[in-house]
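Working notes for the structure below.
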Amino acid sequence: DLSLLRSKFRGSMLGVLIGDCTGSPYDNGDQLTSGMKLVLQKSFDKLEGPPFKAPVMQFTDDSAMTNSLAKSLIDQKELDVVDVAKKFVKCYYQEPNRGYGMGVITVFQKLRGNKFTDISSPAKEQFNGQGSWGNGGAMRVAPAALFSYENYDKLLDTVRNVTQITHTHKVGIDGAILQATAIYQSLRLDPNEELNVINFIDDLICKMNQIEKDEEGLGLSEPQPYKVQLCIVKSLISENDEGLRDEKVIQKLGNSVAALYSVPTAIFCFLRAQKPITGIQTDNPFRRAVQYAISLGGDTDTIGSMTGAIAGAFYGEEKINSNLLQHCEASEEFRILGDRLFELSVAR
Ligand code: 8NA
Ligand code: MG
Ligand code: MG
Ligand code: MG
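Following this note's numbering, the numbering of the sequence shown begins with 144 at its first residue and continues without gaps.
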């Protein structure tokens with residue numbers, strides 16, 4: 144069904160934007176107090192309610208970089224890493240106050256300094272040559288997953304190349320691969336049928352097992368760190384709702400700027416929100432996923448955004464409240480980018 148698939152492409156792009164815009168006000172690195180969780184609930188209620196005039200919620204680096212990547216893929220009709228790098232850098236210098244990670248700013252300065260003659264060295268030099276394991280690769284990866292809809296090997300190639308512009312640490316790259324894989328799987332599922340959450344995680348575990356085996360885990364204390372985290376996702380998702388406290392989820396899965404401690408968390412939020420969650424009052428499973436992700440605190444904009452990208456790819460635009468969308472900066476532009484990516488990779 145092509146119209147459902149188009150809606151899923153839009154949903155994923157809009158999910159990135161909504162999670163980022165609604166999550167960034169809570170992004171102070173801490174857990175949310177119960178009072179703040181109530182504010183979050185009321186704020187979603189209001190945004191989804193009857194239209195009211197208010198300044199639009201601004202997006203941050205997550206959406207800015209997603210936008211640049213989507214535009215580059217659409218303009219070039221293929222992955223051109225030099226063009227992507229140029230668009231990232233141009234966008235950063237136009238609006239440097241979008242909340243970029245400290246490390247990536249150094250990469251952008253070096254790329255501009257070498258006039259894009261050397262795309263790979265700046266990222267490799269990060270953190271004393273280790274490369275970044277931040278979630279900045281994963282947070283912007285949705286367009287690469289949509290662009291590679293038809294071919295998983297192409298997805299892996301595209302994600303690796305686009306991530307390495309800023310993130311070369313194996314854990315940073317594999318986090319982007321995992322996030323893209325979750326989107327890829329979600330696009331292929333029918334939102335009108337009950338999601339088999341265990342199958343969804345098992346498929347992710349199987350793919351990450353292969354990826355982490357093919358690469359060398361040398362130098363890492365745990366050679367298959369994503370597989371380990373996904374197994375924790377699987378065990379947590381099997382627990383009953385009442386007993387599963389936010390503190391436990393945060394302690395087991397994390398809510399930080401590290402890809403390893405945020406991408407599995409986003410996947411967990413999407414999966415847990417298939418069913419009602421204590422303390423989150425809504426009938427809408429897309430909103431439930433994003434609101435729950437933000438309520439876990441920490442890197443709220445990014446975990447909200449990654450959760451939104453996966454949930455949007457599963458449910459499609461239909462489940463995204465249009466009043467809420469009106470309050471997000473550039474929402475029409477993100478919808479159109481979803482359409483263009485759909486035309487590029489599916490309806491050629
Ligand atoms: P990054 O590459 O700078 O990584 C993020 C952070 O992770 C770094 O600043 C380091 O503290 C740490 N880090 C990464 N790799 C290493 C390493 N090898 N050794 C030691 N420390 C390391 O940037 P990014 O693009 O990955 O960051 C993404 C996050 O930054 C997103 O959450 C995004 O929203 C943004 N962010 C913004 C704010 C804000 O103030 N608005 C706060 C947190 C994060
Ligand atoms: Mg951000
Ligand atoms: Mg943050
Ligand atoms: Mg963030």
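The beta carbon of each residue, even a glycine, is placed where N, CA and C say it ideally should be.
Can you give the beta carbon distance from residue i to residue j, rounded, assuming they're within the 8 Å contact cut?
i, j, result
"LYS370", "GLU355", "6 Å"
"PHE429", "LYS462", "4 Å"
"LEU175", "GLY440", "5 Å"
"VAL340", "ALA323", "Their Cβ separation, rounded to whole angstroms, is 19 Å, which puts VAL340 and ALA323 out of contact at 8 Å."
"ASP163", "GLY447", "7 Å"
"LYS220", "LEU487", "6 Å"
"MET200", "GLU472", "6 Å"
"ILE380", "ARG415", "6 Å"
"ASP218", "GLY242", "That belief does not hold up - the Cβ atoms of ASP218 and GLY242 are roughly 25 Å apart, past 8 Å."
"TYR292", "VAL489", "6 Å"
"THR445", "MET245", "So it is not a contact: roughly 14 Å between Cβ atoms."
Could you name the residues of the same chain whose beta carbon sits closer than 6 Å to that of residue i, not counting the 5 residues immediately before and after it, in chain order?
i, result
"LEU480", "MET156, ALA213"
"LYS153", "According to the sequence provided, residue 153 is Arg. The question's Lys does not apply to it. Once the five neighbours on either side are set aside, the close Cβ partners of ARG153 are GLU460, ARG478, GLY481."
"GLY158", "GLY451, ALA452, ALA454, GLY455"
"THR443", "GLY166, TYR169, ASP170, ILE437"
"LEU216", "PRO286, PHE290"
"GLN372", "PRO407"
So the candidates are the options; which of them puts its Cα closest to the Cα of residue i?
i, options, result
"ASN271", "THR249, PRO193, ARG283", "THR249"
"GLY422", "ALA285, SER150, THR165, LEU183", "LEU183"
"GLU238", "GLN469, ALA207, LEU414, GLY172", "ALA207"
"GLU390", "ASP173, VAL305, ASN342", "ASP173"
"LYS196", "LEU216, GLN469, ASN257, LEU222", "GLN469"
"LEU321", "ASN352, ASN294, LEU338, VAL227", "ASN352"
"VAL305", "ASN294, GLY280, TYR292, GLY318", "GLY280"
"LEU347", "ASP188, ASN335, GLU337, CYS374", "CYS374"
"ALA483", "LYS185, LEU145, ARG149", "Strictly speaking, residue 483 in this sequence is Arg, with Ala absent from that position. Comparing Cα positions, the closest option is ARG149."
"SER465", "GLY246, PRO194, GLY244", "PRO194"
"TYR236", "ASP218, GLY256, ILE217", "GLY256"
"ASP426", "SER167, GLY246, SER177, PHE187", "PHE187"
"GLU358", "LEU254, LEU299, THR209, SER177", "LEU299"
"SER146", "ASN294, MET282, ASP333, VAL227", "ASP333"
"PHE231", "ASN210, ASN335, MET245, PRO366", "ASN210"
"LEU363", "PRO198, CYS234, GLY315", "GLY315"
Apart from the five residues on each side of it in sequence, which residues of its chain come closer than 7 Å, Cβ to Cβ, to residue i?
i, result
"LEU467", "ILE161, LEU190, GLU191"
"GLU382", "none"
"PHE343", "GLN328, LEU414"
"LEU222", "LEU216, THR301, ASN304, VAL305"
Sorted by chain position, which residues of the same chain lie with C-beta nearer than 8 Å to residue i's C-beta, five sequence neighbours on each side aside?
i, result
"LYS418", "ASP384"
"VAL225", "PHE259, ILE262"
"GLY178", "none"
Please check if any C-beta of chain D sits within less than 9 Å of the C-beta of residue i.
i, result
"ILE479", "Reference to chain D is not applicable here, since this structure consists of a single protein chain."
Taking only heavy atoms of ligand 6 into account, decide whether any of them is closer than 8 Å to the Cβ of residue i.
i, result
"THR425", "The model depicted lacks ligand 6 and carries ligand 1, ligand 2, ligand 3 and ligand 4 instead."
**OP:** Could you name the residues whose beta carbon sits closer than 5 Å to any heavy atom belonging to ligand 2, keeping them in chain order?
**Re:** THR203, ASP204, ASP205, GLY242, ASP444
Original post:
Three or more beta-carbon pairs under 8 Å between the stretch 434 to 448 and the stretch 305 to 313, yes or no?
Top reply: no
**OP:** Check whether the stretch 442 to 454 touches the stretch 407 to 422, counting contact only when three or more Cβ pairs, one atom from each stretch, lie closer than 8 Å.
**Re:** yes
**OP:** Check whether the stretch 265 to 279 touches the stretch 389 to 403, taking contact to mean three or more Cβ pairs, one atom from each stretch, closer than 8 Å.
**Re:** yes
**OP:** Assess, as a yes-or-no matter, whether the stretch 377 to 396 is touched by the stretch 253 to 271 under the definition of 3 or more beta carbon pairs within less than 8 Å.
**Re:** no
Subject >> Cβ contact (3+ pairs, closer than 8 Å) linking the stretch 281 to 293 and the stretch 319 to 333 >> reply: yes
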